[in-house]
Amino acid sequence: MWTGNRYPVFVASRLVSQTGDMAALTALTVHVHESTGSPVAVGTLFLVRVLPRILGLVAGAIGDRVELRGLLMACDAACGVVFLVIALVNPGYPLLLALVFVAESAATITLPAARTMVGRTVPKEHLPAANGMLLAATAIGFASGSALGALLAGAGDYRWALVINAASFGGSILLLVLLPRAVPEPRSGRSFFAEATAGLAVLRRDSGVRPVVIGLVGVAFAAALDRPALIVLVRTDLGASALWYGLALGAISLGVLVASLSYRGFEGRVPALFGVGIVAQTAGHLTMGLAPVVGLVVLGALVAGLGNGLESVCGNTLLQRDAPKESLGVVLGVVLSGSFLADAAGSALGGTLVEWISAPGTFVLSAAVMLACVRAR
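Residue numbers (this note's numbering): -10 to 366.
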């Protein structure tokens, strides 16, 4: 895929899919809030999205055993059909949740499959560039899709965003058709369960993989602690407007994007830059927590975003480079599930910590957890 100059096509397929998916999610959130008036209903929608992500081990093991281009196309087709059905039928809340669960189950398979495809088809020396391009596409798709979904939902009918999402999956499939097949590594004849167990053994025993996993999952938890603290810090402690809160969030996204596009200097320094990324996030979150003025909060957010981008690009590169190819899907699937669950746990705990030790104290504690992740390496 890389040598044939097809990789930009792969990145474009993920960008198109991500944009449509975020547009649909944003529009669905607005629709559920307006049609039910219940925060619990909105929370349940997000819970339904989270539940399939627990099965990253299974999703990754599937990717290890099958041809990945076809798997991605099948998952995109399933998601496209589901969102088109929602748009055409306009189902009630219970059926809507069931359909979203089906789509998110397919998306759970897609996440490790896409990264496994990178590891399977891109030469090791080009992995930093490949991961940087993919992360940049994800960041752009997240931001543009969210804005598009909000505009369409605000215009009156949330279902147009779902139609666009279904069309985006169709466009992704057309792009994937242009790529070469990504066949799995030769199998040893072991059962599905045995291969999944072997992948878990890699996470436990591989001295090159285990520290990366600790860093990715641990930092995801630490960063999520500050999610509820940021709005309190900006609006209550520093007395700034909501605009500054938006600027801080935007600075994080900008930092991720800049770091992901700076991949040309990564070759040969990936392990060191992975550690630098965690240290930068530590410094960024500490700066936000100790900032006497809101401008320093935005600066700290930018530094944290740069660190997050470095950590993500280099962490995925290290896993794709060092994990056994026949178990790569399991490793990536478990890391994705672990990071997602760590993010959810950190967000839930963060609100309590703000009440116990204040918003600045939560930021300082978050930075300490990140520093511990550096030492664990």
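We put the CB at the ideal spot given by N, CA and C, even for glycine.
Helix or strand or just coil, what does DSSP make of residue i?
| i | result |
| --- | --- |
| residue 55 | coil |
| residue -5 | coil |
| residue 26 | coil |
| residue 135 | helix |
| residue 147 | coil |
| residue 215 | coil |
Report yes if the CB atom of residue i is closer than 7 Å to the CB atom of residue j, and no otherwise.
| i | j | result |
| --- | --- | --- |
| residue 155 | residue 69 | yes |
| residue 339 | residue 296 | no |
| residue 236 | residue 282 | no |
| residue 355 | residue 226 | no |
| residue 13 | residue 150 | yes |
| residue 29 | residue 217 | no |
| residue 308 | residue 320 | yes |
| residue 49 | residue 322 | yes |
| residue 71 | residue 91 | yes |
| residue 245 | residue 128 | yes |
| residue 385 | residue 160 | Residue 385 falls outside the range modelled here, since the chain spans only -10 to 366, and no answer is possible. |
| residue 248 | residue 298 | yes |
| residue 325 | residue 52 | no |
| residue 316 | residue 142 | no |
| residue 37 | residue 111 | no |
| residue 184 | residue 314 | no |
| residue 9 | residue 157 | yes |
Who are the near neighbours of residue i in its chain, counting only those whose CB is closer than 7 Å to its CB and skipping five residues on each side?
| i | result |
| --- | --- |
| residue 243 | 291, 294 |
| residue 334 | 210 |
| residue 240 | 287, 290, 291, 294 |
| residue 162 | 62, 65, 66 |
| residue 113 | 310 |
Taking just the CA atoms, how far does residue j sit from residue i?
| i | j | result |
| --- | --- | --- |
| residue 169 | residue 274 | 42 Å |
| residue 19 | residue 231 | 20 Å |
| residue -3 | residue 102 | 17 Å |
| residue 25 | residue 74 | 21 Å |
| residue 360 | residue 268 | 7 Å |
| residue 123 | residue 3 | 8 Å |
| residue 202 | residue 146 | 42 Å |
| residue 377 | residue 99 | Lying outside -10 to 366, the shown extent of the chain, residue 377 is not represented and no answer is given. |
| residue 304 | residue 78 | 42 Å |
| residue 87 | residue 152 | 18 Å |
| residue 22 | residue 140 | 15 Å |
| residue 82 | residue 250 | 41 Å |
| residue 264 | residue 300 | 7 Å |
| residue 76 | residue 109 | 36 Å |
| residue 276 | residue 327 | 27 Å |
| residue 166 | residue -5 | 11 Å |
| residue 364 | residue 280 | 25 Å |
| residue 229 | residue 253 | 38 Å |
| residue 312 | residue 195 | 8 Å |
For residue i, which residues from the same chain have a beta carbon less than 6 Å from its beta carbon, with the 5 sequence-adjacent residues on both sides left out?
| i | result |
| --- | --- |
| residue 306 | 116, 117, 120, 259 |
| residue 106 | 57, 171 |
| residue 11 | 131, 134, 135 |
| residue 41 | 93, 94, 97 |
| residue 222 | 348 |
Leaving aside the five residues before and after residue i along the sequence, list all residues of the same chain whose C-beta is less than 8 Å from its C-beta, in chain order.
| i | result |
| --- | --- |
| residue 64 | 95, 96, 98, 99, 102 |
| residue 199 | 192, 193 |
| residue 341 | none |
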